[in-house]
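Asker:
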Amino acid sequence: MSISTITITAQGGPLTAIIESNSPVAYTGAVWRYKADKTFDQQCGFFRYDRQEVQLGAAAAAADKLFLVKGVLINQGASTPIPYELQVSIFQDGNRLYTEVPKEGGSGAIDNKALAFIYRFKLQTS
Amino acid sequence: MKNTYKIYLLVLLSSIAISGYAQPGAGDGAAAIKELLTAVNYGVPASPAFELLPGKASEVTHLNFAHDIGVNAGTFFNGSKLQAGAAVDLRPFSFTGGDLKQYQENYLTRLAWRTTVALGTTSGKSGGNDVFLGVGLRITLIDKSDPKNDKAFTQKLADAYDSVLFKITPDLEETLEQFQERVDMAGKSPSVQRIRDEFTANTWNALRWDVGLGASDRAASGYLKRDSLFRDRIGLWSALGLPLGKKAQLTISGNSAWVSHRNDTTERHRYVAGARARFFLSSALAISGEYARIFSKYPQPGLNERWNHLAIVAEVKIPKLGGWFSFAYGGDSAHRTDKAAKFAINYAVYADQLIKK
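Residue numbers (the numbering used here), protein chains in the order written: chain V, 1 to 126; chain S, 1001 to 1357.
(1) Please state the DSSP three-state secondary structure of residue 1093 of chain S.
(2) Looking at chain V, is there any beta carbon in it that lies within less than 8 Å of the beta carbon of residue 1180 of chain S?
(3) On the CB-based measure, 16 or more other CB atoms within 10 Å of its CB, does residue 59 of chain V come out buried or exposed?
(4) Nearest chain S C-beta to residue 18 of chain V closer than 8 Å, yes or no?
(5) Tell me, please, whether the CB atom of residue 1187 of chain S is closer than 8 Å to any CB atom in chain V?
(6) Mind checking residue 1107 of chain S: buried by the 16 CB within 10 Å criterion, or exposed?
(7) Within 7 Å: the Cβ of residue 1180 of chain S and any heavy atom of the ligand NAD?
(8) For residue 53 of chain V, which residues of its own chain have a beta-carbon under 6 Å away from its beta-carbon, when the five flanking residues on both sides are left out?
(9) Along chain V, in chain order, which residues have C-beta atoms closer than 8 Å to that of residue 1166 of chain S?
(10) Identify each residue in the region 1083-1112 of chain S for which the Cβ-Cβ distance to at least one residue of chain V is less than 9 Å, and report them in chain order.
(11) Label residue 112 of chain V either buried or exposed according to how many other C-beta atoms from any shown protein chain fall within 10 Å of its C-beta, with 16 as the threshold for buried.
(12) What do you reckon, are the CB atoms on residue 1049 of chain S and residue 1119 of chain S nearer than 8 Å?
(13) For the putative contact between residue 1207 of chain S and residue 1242 of chain S, defined by C-beta atoms under 8 Å, what is the C-beta separation to the nearest angstrom?
(14) DSSP on residue 1204 of chain S, reduced to helix/strand/coil?
(15) When you compare only the Cα positions, how much space is there between residue 70 of chain V and residue 83 of chain V?
(16) Give, in chain order, every unbroken run of the beta strand (DSSP E) that is at least 3 residues long and sits entirely within the region 19-84 of chain V.
(17) Comparing C-alpha positions only, which one of S:1132, S:1263, S:1331 and S:1044 sits nearest to residue 1223 of chain S?
(18) For residue 1044 of chain S and residue 1257 of chain S, I'd like the C-alpha separation in whole angstroms.
(19) What did DSSP end up calling residue 1224 of chain S once you bin it into helix, strand or coil?
(20) Taking 8 Å as the limit between beta carbons, can you name the residues of its chain near residue 1046 of chain S, skipping five residues before and five after?
(21) Return the first residue and the last residue of the alpha helix (DSSP H) that residue 1158 of chain S is part of.
(22) Give a yes or no on contact between the region 1187-1199 of chain S and the region 1152-1163 of chain S, applying the rule of three or more CB pairs nearer than 8 Å.
(23) Report, in whole angstroms, the separation of the C-beta atoms of residue 106 of chain V and residue 119 of chain V, which I expect to be a contact under 8 Å.
(24) Smallest Cα separation from residue 1097 of chain S: which of S:1088, S:1110, S:1087 and S:1086?
(25) Tell me the rounded alpha-carbon separation between residue 1269 of chain S and residue 1084 of chain S.
(26) Helix, strand or coil, according to DSSP, for residue 1122 of chain S in the structure here?
(27) Consider the Cβ of residue 118 of chain V: report whether some Cβ of chain S lies at a distance smaller than 8 Å.
(28) List, in chain order, every chain S residue whose beta-carbon is nearer than 9 Å to that of residue 104 of chain V.
(29) Compare the C-beta of residue 1064 of chain S against all C-beta atoms of chain V and say whether one is closer than 8 Å.
(30) If you count every other CB in all the chains shown that lies within 10 Å of the CB of residue 36 of chain V, and 16 or more means buried, which is it?
(31) Report the three-state DSSP secondary structure of residue 1056 of chain S (helix, strand or coil).
(32) Does any C-beta atom of chain V lie closer than 8 Å to the C-beta of residue 1172 of chain S?
(33) Just the C-alpha distance for residue 65 of chain V and residue 1145 of chain S, rounded to the nearest angstrom, thanks.
(34) Determine, using beta carbons only, whether residue 1273 of chain S and residue 1279 of chain S come nearer to each other than 8 Å.
(35) Between which two residues does the alpha helix (DSSP H) carrying residue 1184 of chain S extend?
(36) How long is the line joining the alpha carbons of residue 1264 of chain S and residue 1348 of chain S, rounded to whole angstroms?
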């Protein structure tokens, strides 16, 4: 289980995650927040190919928390596979802090089967 | 009274079918009807590149990323010579990017993603060292049945996956494989299947226009040099599918093939123009009607010929006969290279429906 660590500013504004794709594939998913001891905290929200932003909360509330991004790329009858690459970006006060392609299912090609992807990250204050 | 008629009809159909099987040659009724329905291709080949090659291209490798091209280039060559048995396809404009939102809003993005290029090699039919290289392009200019371009369908599908997968609090440590298993299950769920089935039922005959272009070259002894490379064939295809209400589809198509000059008595050009209408009146009754005109040109004008192709086929599902009873009329009109060709009646009973959506 890989967890990326992203440094945020403790005094900064609210945080958001944006999940984007570089190709025309439909995807949907959700982001959940966990406490440092890995117990469930709250659901942050849903994202979709046309609604890519999810609020992660205020810096103070999000610091030292773990976040789980889970989604599915939906197959839509492609005659030949469609290559895709997803990017998860973390923003604070509108500034991009970090961008990464999820190592688990974040890139590949989709044809006639829906594909899962997972991304986990931890926010820590500088 | 009505039941009596049904019994008579069933006995009549059974006797026709049985006598059909019993007559010499009539046992091939199903094969003849299948041949009648497939003699003229009213679509654009999935890979025009491979349509013009003398042999079948091997399994096609899909090139999804730029680095795949470099990796697969080696399969086309054996040293400095072209090697038979390689086949790849790719979406050449996928590097232009564009997410699904852009795809749904911009025609050029859709056009770019719907364009595929294929490349393949085979050896000649009669053996030898020559290698045939085929390259082709296929573009879908209009596709009202494109699921990616249907916002409502995409949203419904996403909603269905959401409700199955994301309404519960997930295990933080669930692996990708475990999650993929749940995604696979969600794909088979009745809610997802129903949405997909409805979409297929509503769009099977939607407006669609495909074009294809292909060319093949013969590389003497496999050498890719100017003095060893000879143009062999060029092909052009166009197919326009139009809805006729909800239960029928009309396809208007044309194709042209040019063959390199071998001698004055071999065919040089062939043009085919035709139309086919298919009616699915119920789950137990389908009718297909088609007409095509074929023009064949030779270097010697005296050898030129043209003929008509006609096929009218009606299929009725009769469970008591174990499948489909089919009645067909059609064939090719007589022409110089097939003076015995004629329109004929065929009938048969077979298990699997031949007229398909």
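Ideal Cβ placement from N, Cα and C applies to all residues, glycine included.
Answerer: Concretely, from the data shown:
(1) coil
(2) yes
(3) buried
(4) no
(5) yes
(6) exposed
(7) With respect to the ligand NAD, the structure offers nothing, as it holds no ligand at all.
(8) 16 and 18
(9) 28, 29, 30, 46 and 70
(10) 1089, 1090, 1091, 1094, 1097, 1098, 1099, 1100, 1101, 1102, 1103, 1104, 1109 and 1110
(11) exposed
(12) yes
(13) 6 Å
(14) coil
(15) 19 Å
(16) 26-34, 40-48, 53-57 and 66-74
(17) S:1132
(18) 13 Å
(19) coil
(20) 1138
(21) 1151-1165
(22) yes
(23) 7 Å
(24) S:1110
(25) 26 Å
(26) strand
(27) yes
(28) 1175, 1176 and 1179
(29) yes
(30) exposed
(31) coil
(32) yes
(33) 45 Å
(34) no
(35) 1176-1187
(36) 42 Å
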